[in-house]
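Residue numbers (the working numbering), protein chains in the order written: chain C, 15 to 302; chain G, 129 to 562; chain P, 12 to 287.
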Amino acid sequence: MATRHFRSTARLMMAPAVILLLGWMLVPLTMTLWFSFRRYLPLRGGDLGWAGFDNYVRFVTSGAFWPSVQTTLIIVGGVLVITVALGVVLALLLDQPIWGQGAVRILVIAPFFVMPTVSALVWKNMFMDPVNGLFAHLWRFFGAEPVAWLSDVPLASIVVIVSWQWLPFATLILLTAVQSLDREQLEAAEMDGASPLARFGFIVLPHLSRAITIVVLIQTIFLLSIFAEIFVTTGGAFGTRTLTYLIYQRVLESQNVGLGSAGGVYAIILANIVAIFLMRIVGKNLDR
Amino acid sequence: MSMQRVLGATTALTLCATAVFAQENTITIATVNNGDMIRMQGYTDRFTAETGIGVEWVTLEENVLRQRVTTDITTSGGQFDIMTIGMYETPIWGANDWLVPLDDLSAEYDVDDILPAMAGGLSHDGTLYAAPFYGESSMIMYRTDLMAAAGLEMPESPTWAFVREAAIAMTDRDNEIYGICLRGKAGWGENMAFLTAMSNAFGARWFDEDWTPQFDGEAWANTLNFYIDLMNEAGPRGASSNGFNENLSLFQQGKCGMWIDATVAASFVTNPDDSTVADSVGFALAPNTGLGRNSNWLWAWALAIPAGTDQEAEAKQFIEWATSGAYIELVAENEGWANVPPGARSSLYETPEYQAVPFAAMTLQSILSADPLNPTVDPVPYVGVQFAAIPEFAGIATQVGQEFSAALAGQQSAEEALAKAQAITSEEMEAAGY
Amino acid sequence: MARAVTPRRKALNTALAWAIGLLIFFPILWTILTSFKTEAEAIASPPLFLNFDWTLENYAVVQERSDYMKFLLNSVIIAGGSTLLGIIVAVPAAWSMAFVPSRRTRDILLWMLSTKMLPAVGVLYPIYLLFIRLGLLDSRAGLVVVLMLINLPIIVWMLYTYFREIPGEILEAARMDGAGLREEILYVLTPMAVPGIASTILLNFILAWNEAFWTLNLTAADAAPLTAFIASYSSPEGLFYAKLSAASTMAIAPILILGWFSQKQLVRGLTFGAVK
């Protein structure tokens, strides 16, 4: 078999995917870059000419910018911590022999199938509403004052909603990893008198590190751009405005496409910083 | 010509061909999911039967609708033959020539029957660009039983001081009865519609005649402090998340003593099917502070035709049908006079059957007392009661609304919120080149 | 693999697992229950669990207002089409990355993932203008392509990790026997990769089904899927919990049922190479 021929065929097979994605990246990116240097105000008649770096300067110097970066990181970080921690616990539990394992698994993964819009609507109205929500009923039942979740603890509420959606994903990946755990090694450790905590810390966790890396990586990509959950619940009020939401406000609410595009460029930069950071810290795990 | 272009052009042609074929004599209408529009959808079969024109509905929640139609109109996307828009969008879009002028409507449509306040707000330079489907102002809806129990009597045109006194007297938190329900949810069409209208009564304004933002003035401080204190004393829990729908639902469940909101809500709160308090609702003009302006707004949901549609004639036919006096009679016949789309035509208020509807007179009086051309005590450079009809307003007011909403939630003081509002507005107005 | 544990321990674990499972599932269960209540029962205090008059009225109202089947069909076509197209493009790419890796393979993979980080709302205007130019607005074809592109990185990555788990020796053996590239892919690799491909298809179908930004902003009347259907129920006037629940149930039911039937596949398949 001619290796060179083989290799070039292989490259050729990769071409459609690479070209398509290159197009999907370059065309919008170029247009975004172009708009970001223009005074583009659709409601004032469209493209009003060259703006230099005005949009870039205006976007970062606006009082909303740094808080939005902070909010983004808090939401992403909060959801990651919750889903990974609970995911590990759930994966270990579901790995145990229990009655009705299949049924429990179905219950646990169900939230993953729910559209973000639907899940935000259901949580907002039927659970977190301070008058008619189920939590309000529960609080009153125990004689407590109902909490207005989405205005009193808005960030935590959104983190809970998003975590609920992503917990199944984390659990599934961690579960497959737990299932491949070396039982003999665990049993040997138990014989040697290692405490459950020690066994978890020295055997289980290192084994799961690769799966955790993947959960963190994939979830981060999706979480950086969450939108529906915020749009439906708080509309960006009470300090829940993420960078994505800020861009939405600039582009669609203020109808300032140039300014929003500059924000888009910043968002790409932020996403790549996060990505590089992730790769450096945990990326080693991806190479065997 | 590159391969890609050929491909693109071919695809476009094929798709256009199929699109034309599929859409022959069918119009696409984007609308909001409010009760009156949903009802109209139920009657479109009759329109199709009369005219042979099919109708496809795209029904969306208000915020999604706005983002959808704005994107489409500014890019000339051509996705819709009719768009449901409001008094804020119409003059701006009309000025940009994005809408088909409605200056050649048929004689039997009787365009002069449209209430002057509505026609004025939906025109640019004297040309009508959108036909009102229904119009509204805002007024006080209150529980007559609770008011009597508190030993008070609601005047026809109360002051804010009286409203506060009554709200505190009616509040009974242990039994989940709150003296007053007001909008707190952030958004230019939510809390800012209410607060801007309220601020007019307190002598405040958004901009002075040089377009300088006025949030650092005393009038706005009085407005916001009064509002926050009132809501803390007599408002429901979590009011900073309540918009029109949330408050409607609270009022229907009998949890509000007073509610100041859109006049169209009157038919919902007096409908015994949905409302537990239907037989004990009274109406009064929105409050004032004696400065000559009441706290009521003016709004219309209207149907407009985007320029460039190839179904212009059919779209006009539909608009004439949906906003006509005949449609009002059709609804009255089937659902009763209380459920007809209100606030658009003067003839409706001359109909004896409609005059018997309890909220009809107060609705008309509220609409007539709102003046978009002179909304404030001090002169302003903008048109609009609860908004300023400039393209930047929606974006600015939503951000300001978020600050006010946070102040209502107790996350910052009214003074902090006003300082931020002033900064946001100055920054955006500067960016827009004022 | 059955491990010996004391019945007591098993009972304890079972109780705990079921409790957590039900807790996680509860919001969905509550939505389904509420959809069978009247509006007044939906907000009753204290809340009603099963002791209410079950009614299908909400479903009738929702169906009367919007043609559910049309939205459903669009969702199926768009999610199915984009998944299928994605697989066709991704299988060869993932195959070549897994079996003929180069120094840059990992960089290419990570670059592909990074294309997912462009915030959608920032490029709405560019894409909208492009779609007008191409006549793709409100067409299923346009959405199929966009959703395919959005999910392509995930598809490629998932397939890549599955393919890498196929031992190289088998390929060597096949080549010794004189199998060409075509035969190798068709008769050796594909059968071994079927479980992986199946779970990739599942995951992407779910992701495409739930995508709510592009599907909402690039459609009007013809191509609108269930995400647009739900957008007309999100905050209507008056009491709406029961109707919202009915509409929500209708929007998530098909994918929920699909997910349940294929959960074994998902549990086995969602590894992303997490298992050594």
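By construction, the Cβ of each residue, glycine as well, lies at the ideal position given by its N, Cα and C atoms.
Discussion item. Tell me which residues of the segment 182-203 of chain G have at least one Cβ-Cβ distance to chain P shorter than 9 Å, keeping chain order.
Written reply: Shown in chain order are the members of the segment 182-203 of chain G whose Cβ falls below 9 Å from a Cβ of chain P: 184, 185, 186, 187, 188, 189, 190, 191, 192, 193, 195, 196, 199, 200, 202, 203.
Discussion item. Just checking: is the beta-carbon of residue 275(P) within a distance shorter than 8 Å of some beta-carbon in chain G?
Written reply: no
Worksheet entry | Which of helix, strand or coil DSSP assigns to residue 115(P) | coil
Worksheet item: When the distance is taken between beta carbons, is residue 212(P) closer than 8 Å to residue 266(P)?
Response: Not a contact, by the Cβ cut-off of 8 Å.
Worksheet item: Counting contacts by CB-CB distance shorter than 8 Å, is residue 471(G) in contact with chain P?
Response: no
Fill in: Contact list for residue 70(P) against chain G, beta-carbon separation under 8 Å
Chain G residues near residue 70(P): none, gap ~16 Å exceeds 8 Å.
Worksheet entry | Of the residues 495(G), 268(G), 315(G), 348(G), the one placed nearest residue 370(G), counting alpha carbons only | 315(G)
Worksheet item: Would you call the segment 255-266 of chain C and the segment 17-32 of chain C touching, i.e. three or more CB-CB distances under 8 Å?
Response: no
Worksheet entry | Endpoints, the beta strand (DSSP E) within which residue 428(G) is located | 426-432
Practice prompt. Give me the Cβ distance between residue 235(C) and residue 172(C), rounded to the nearest whole Å; I'm assuming they're in contact under 8 Å.
Written response: At roughly 18 Å, the Cβ-Cβ gap does not stay under 8 Å, so residue 235(C) and residue 172(C) are not in contact.
Worksheet item: Okay, do the segment 491-500 of chain G and the segment 241-249 of chain G touch, 3+ Cβ pairs below 8 Å being the bar?
Response: yes
Item to complete: Check the C-beta distance from residue 53(C) over to residue 272(C) and give it rounded, since I have them as a contact under 8 Å.
Response: 5 Å
Worksheet item: What is the DSSP secondary structure of residue 223(P), counted as helix, strand or coil?
Response: coil
Fill in: Status (buried if at least 16 other CB within 10 Å, exposed otherwise) for residue 144(P)
exposed
Worksheet item: What residue from 145(C), 204(C), 193(C), 123(C) has the CA that sits closest to residue 268(P)'s CA?
Response: The shortest Cα separation from residue 268(P) among 145(C), 204(C), 193(C), 123(C) belongs to 123(C).
Practice prompt. Check each candidate in 205(P), 235(P), 255(P), 21(P) and name the one with the smallest Cα separation from residue 113(C).
Written response: Comparing Cα positions, the closest option is 21(P).
Worksheet item: List, in order along the chain, the chain G residues whose C-beta lies closer than 7 Å to that of residue 267(C)?
Response: Ordered by position in chain G, the residues that pass the 7 Å Cβ test against residue 267(C) are 522, 523, 526.
Fill in: Which listed residue (453(G), 480(G), 448(G)) has its alpha carbon closest to that of residue 469(G)
453(G)
Worksheet item: Where does the unbroken beta strand (DSSP E) through residue 516(G) begin, and where does it stop?
Response: That residue, residue 516(G), is in no beta strand (DSSP E); it is neither H nor E in DSSP.
Worksheet item: Is the Cβ of residue 149(P) closer than 8 Å to any Cβ of chain G?
Response: yes
Fill in: Endpoints, alpha helix (DSSP H) assigned at residue 54(P)
First-last for residue 54(P): undefined, no H or E at that position.
Item to complete: Return helix, strand or coil for residue 266(G), following the three-state DSSP convention.
Response: strand
Discussion item. Assuming residue 126(C) and residue 179(C) are in contact, meaning their beta carbons sit under 8 Å apart, how far apart are those beta carbons, in whole angstroms?
Written reply: 7 Å
Discussion item. I need the boundaries of the beta strand (DSSP E) containing residue 61(C), first residue and last residue.
Written reply: 60-64
Worksheet item: Taking the Cβ atom as the reference point for each residue, do residue 269(G) and residue 446(G) lie within a distance shorter than 8 Å?
Response: No, these two residues do not count as a Cβ contact at 8 Å.
Discussion item. Once DSSP output is grouped into helix, strand and coil, what is the label at residue 130(P)?
Written reply: Collapsing the DSSP output to three states places residue 130(P) in coil.
Worksheet entry | Helix, strand or coil at residue 248(G) [DSSP, three-state] | helix
Worksheet item: Quick one: does residue 141(C) have its CB under 8 Å from some CB of chain G?
Response: no
Practice prompt. Give the residues from the segment 354-374 of chain G that approach chain C closer than 7 Å (Cβ to any Cβ), ordered along the chain.
Written response: 364, 365, 366, 368, 369
Practice prompt. Spatial neighbours of residue 394(G) within its chain, please: CB distance less than 6 Å, with the 5 preceding and 5 following residues excluded, ordered by chain position.
Written response: In the same chain as residue 394(G), and ignoring 5 residues on each side of it, the C-beta atoms closer than 6 Å to its own belong to 487, in chain order.
Worksheet entry | CA nearest to the CA of residue 361(G), picked from 301(G), 499(G), 284(G), 513(G) | Minimum Cα distance to residue 361(G) is reached at 301(G).
Item to complete: Take residue 342(G) and list the residues in its own chain whose beta-carbon comes closer than 7 Å to its own, dropping the five residues that flank it on each side.
Response: 332, 333, 334, 335, 336, 348
Practice prompt. Can you give me, in chain order, the residues of the segment 87-109 of chain C that have a beta carbon less than 8 Å from any beta carbon in chain P?
Written response: Residues 104, 107, 108.
Worksheet item: Residues in the segment 252-268 of chain P with C-beta within 8 Å of chain G's C-beta atoms, listed in sequence order?
Response: Contacts with chain G (Cβ-Cβ distance below 8 Å) from the segment 252-268 of chain P involve no residue at all.
Item to complete: Using 10 angstroms around the beta-carbon of residue 80(C), count the other beta-carbons present and answer buried if the total reaches 16, otherwise exposed.
Response: exposed
Item to complete: Answer with buried or exposed for residue 548(G), where buried requires no fewer than 16 other C-beta atoms within 10 angstroms of its C-beta.
Response: buried
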